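Reminder that position 16 of the sequence shown reads as 4 in our numbering, one-by-one numbering, no gaps.
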Amino acid sequence: MDIDKIGLIAQEISFAFEDHFNDVEKRNLFDAFFTKYFASVDPSGSKIPYDAVMLLGRQNPDEFEKMLKEMREAKLISG
């Protein structure tokens, strides 16, 4: 997947996370996905979601696709 498409998806995930931040159930789902999928690219958990999504998309495309599928199934992002 090209960098521009990864960037658009990273933006969508970041915006969805912000939009649903006050919904504790959805925020917990996002946190679970971030913990699960970002550990390999951001072990310290210091990156903002956008940057971590970008790294995951570039460094581990298979895990990136798996995360997107699971987020869509959980209705966190469209797609």
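Every residue gets a Cβ at the ideal spot worked out from N, C-alpha and C, and that includes glycine.
These numbers come from a predicted model, not from an experiment.
Taking all protein chains shown into account, Ala62 has fewer than 16 neighbouring C-beta atoms within 10 Å of its C-beta and is therefore exposed.
Counting along the chain, the unbroken alpha helix (DSSP H) around Ile1 starts and ends at -9 to 7.
In the same chain as Arg15, and ignoring 5 residues on each side of it, the C-beta atoms closer than 7 Å to its own belong to His8, Phe9, in chain order. By the neighbour-count criterion, in which 16 or more other beta carbons inside 10 Å mark a residue as buried, Ala(-2) falls on the buried side.
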